[in-house]
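Peer 1: Encoded as structure tokens, here's the structure I'll be asking about.
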Amino acid sequence: TVGAVARDAAGRLAAATSTGGMTNKRAGRVGDSPLIGAGTWADGTVAVSCTGIGEAFIRCAAAHELSALMRHGGLPVQQATAEVAEVLVPASGGSGGLIAVDAEGRPGIAFGTSGMYRGLLRLGAPPEIAIYR
Amino acid sequence: MNATLLIHGGAGTIRREEMSEAREAEHRAALTEALAAGEAVLSSGGSALDAVEQAVRVLEDCPLFNAGRGATFTAAGSIEMDAAVMDGMARMAGAVAGVQRIRNPVRAARAVMERTPHVLLIGPAADDFAAAEGLELAAPEYFRTEHRWQQLQAALAARRIALDHDLPARMG
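As given, the protein sequences belong to chains A and B, one line each in that order. Just so you know, we're using the working numbering here: the first sequence kicks off at 3 and counts up by one. Just so you know, we're using the working numbering here: the second sequence kicks off at 3 and counts up by one.
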């Protein structure tokens, strides 16, 4: 699974996710990526893209839950991202990671696995790439 | 101007000891290329939606990541892809699921959002929609990689359904 979230100079937010799903999945199985609110979400508060055991992200509506934690719970983006990745998704029977960016351009990155291929670019600063925990 | 872009290429059991330096360098180069594609949009005042679409397209075209070319296999030995986009300002969303012929599924997801009243189109009808909209299609062998085929054999032998990174990286 691959994904991207962005906040542009005008303050707009967007998210995109694309995947082949899981290896040896039953034909016809659909995970969280194309389900809006589960693996992909963007509103005026945050943009979110998820990766991992899709069924767990669907069961807890992970991407939308991250936004709700910020809008209703007042959590900052990084704390909301960590809450979903490290608490909600495991409680729903799976593991994986999320990337997020809020309306101020602040990033959120969290994953409950040993690694996640990830990159961060703040316009005007050097790009940051990471793989392992 | 807090323009910001984040990308991911999947999470899982990614073990340093399993990854050769060369392979890690390949992954880092692809991630850097994806960030650069998004940065080109943002630095010219482009939209967040265009930036995420361009970044994801780079990763879909890279056989190292599980999307587009290099997607994983189903138990039936087929490749079925899913993608979604969402525009936070307009609160608009588009997605495709179970597609098999669209070179860049993220572009089809955006076409569903911008050119239909729907949010999600699935299966062969979604492939046909993309073709009718002039999106680039590709033959099944375009998406196929030996690395993922070997991962499927390992998963079948282990009777597992696995994340793309949860099978030994050195596969075939």
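The beta-carbon is built from N, C-alpha and C at its ideal position, and this holds for glycine as well.
Thr21/A to Gly125/B, Cα distance in whole Å?
Peer 2: Here the question's residue 21/A lines up with position 19 in the first sequence. Here the question's residue 125/B lines up with position 123 in the second sequence. Spanning the two alpha carbons is a distance of roughly 14 Å.
Peer 1: What do you reckon, are the CB atoms on Ser116/A and Thr15/B nearer than 7 Å?
Peer 2: Translated into positions along the first sequence, residue 116/A becomes position 114. Translated into positions along the second sequence, residue 15/B becomes position 13. Yes, the pair counts as a contact, with Cβ atoms nearer than the cut-off.
Peer 1: Determine which residues share a DSSP beta bridge with Trp43/A and list them.
Peer 2: Stepping through the first sequence from its first residue, residue 43/A is reached at position 41. DSSP, once it has assigned bridges, lists Val50/A as partnering Trp43/A.
Peer 1: Is there a C-beta anywhere in chain A that falls below 7 Å from the one on Val101/B?
Peer 2: As a working note, residue 101/B is residue 99 in the second sequence. No, Val101/B lies away from the interface with chain A (no Cβ there is under 7 Å from its Cβ).
Peer 1: Among Gly110/A, Val48/A, Thr19/A, Val7/A, which residue has its Cα nearest to the Cα of His74/A?
Peer 2: Walking along the first sequence from the start, residue 74/A turns up at place 72. Answer by Cα proximity: Val48/A.
Peer 1: So, using beta-carbon positions, are Thr25/A and Gln152/B closer together than 7 Å?
Peer 2: To locate residue 25/A, count along the first sequence from 1; it is residue 23. To locate residue 152/B, count along the second sequence from 1; it is residue 150. Against a cut-off of 7 Å, the Cβ pair of Gln152/B and Thr25/A comes out as no contact.
Peer 1: For a cutoff of 7 Å on Cβ pairs, would you count Asp130/B as touching chain A?
Peer 2: Numbered from its first residue, the second sequence carries residue 130/B at position 128. For Asp130/B, the answer is no, since every Cβ of chain A falls outside 7 Å of its Cβ.
Peer 1: Going straight from the alpha carbon of Ser80/B to that of Arg31/A, what length do you get?
Peer 2: To locate residue 80/B, count along the second sequence from 1; it is residue 78. To locate residue 31/A, count along the first sequence from 1; it is residue 29. When rounded, the distance between both Cα atoms is 12 Å.
Peer 1: Alpha carbon to alpha carbon, what distance is there between Thr19/A and Gly39/A?
Peer 2: Residue mapping note: residue 39/A aligns to position 37 of the first sequence, counting from 1. Residue mapping note: residue 19/A aligns to position 17 of the first sequence, counting from 1. Using only the alpha carbons, I get a separation of about 12 Å.
Peer 1: Give me, in chain order, the residues of the same chain whose beta-carbon lies closer than 6 Å to that of Gly33/A; leave out the 5 immediate sequence neighbours on both sides.
Peer 2: Position 31 of the first sequence, counting from 1, holds the residue named residue 33/A. Same-chain partners within the cutoff: Gly23, Gly56.
Peer 1: For Ala53/B versus Val60/B, is the C-beta spacing smaller than 7 Å?
Peer 2: Taking the first residue of the second sequence as position 1, residue 53/B is located at position 51. Taking the first residue of the second sequence as position 1, residue 60/B is located at position 58. For Ala53/B and Val60/B, no; Cβs fall outside 7 Å.
Peer 1: Ends of the alpha helix (DSSP H) at Glu35/B?
Peer 2: The count along the second sequence starts at 1 and reaches residue 35/B at position 33. Where Glu35/B is concerned, the enclosing alpha helix (DSSP H) stretches over 23 to 45.
Peer 1: My output table needs one value for Ser69/A: the three-state DSSP class, helix, strand or coil.
Peer 2: Sequence index remark: in the first sequence, residue 69/A carries index 67 (1-based). The answer is helix: DSSP assigns Ser69/A an H, G or I state.
Peer 1: Any idea what DSSP makes of Val121/B, helix, strand or coil?
Peer 2: Numbered from 1 along the second sequence, position 119 holds the residue referred to as residue 121/B. DSSP places Val121/B in coil when its eight states are reduced to three.
Peer 1: Let me know the secondary structure DSSP gives Pro109/A once reduced to three states.
Peer 2: Looking up residue 109/A in the first sequence gives position 107. It is a strand residue.
Peer 1: Using the Cα positions of Val91/A and Asp168/B, report the straight-line distance between them to the nearest angstrom.
Peer 2: For the purposes of this step, residue 91/A is identified with residue 89 of the first sequence, where counting begins at 1. For the purposes of this step, residue 168/B is identified with residue 166 of the second sequence, where counting begins at 1. Approximately 17 Å between the Cα atoms of the pair.
Peer 1: Could you check whether the Cβ of Glu106/A sits closer than 7 Å to any Cβ belonging to chain B?
Peer 2: Numbered from 1 along the first sequence, position 104 holds the residue referred to as residue 106/A. Glu106/A counts as touching chain B.
Peer 1: Please list, in chain order, all residues of the same chain as Leu122/A whose beta carbon is under 6 Å from its beta carbon, the five residues on each side excluded.
Peer 2: Locating residue 122/A in the first sequence gives position 120, counting from the first residue. These residues qualify, in order along the chain: Pro109, Glu130.
Peer 1: Sorted by chain position, which residues of the same chain lie with C-beta nearer than 8 Å to Gly12/B's C-beta, five sequence neighbours on each side aside?
Peer 2: The sequence position of residue 12/B within the second sequence is 10, counting from 1. Cβ neighbours of Gly12/B beyond the five flanking positions: Phe67, Asn68, Leu165, Asp166, His167.
Peer 1: How close, in whole Å, do the beta carbons of Ala16/A and Ala29/A come, if the pair is a contact with beta carbons under 8 Å?
Peer 2: Along the first sequence, one-based indexing puts residue 16/A at 14. Along the first sequence, one-based indexing puts residue 29/A at 27. Contact flag wrong, Cβ pair sits at about 31 Å.
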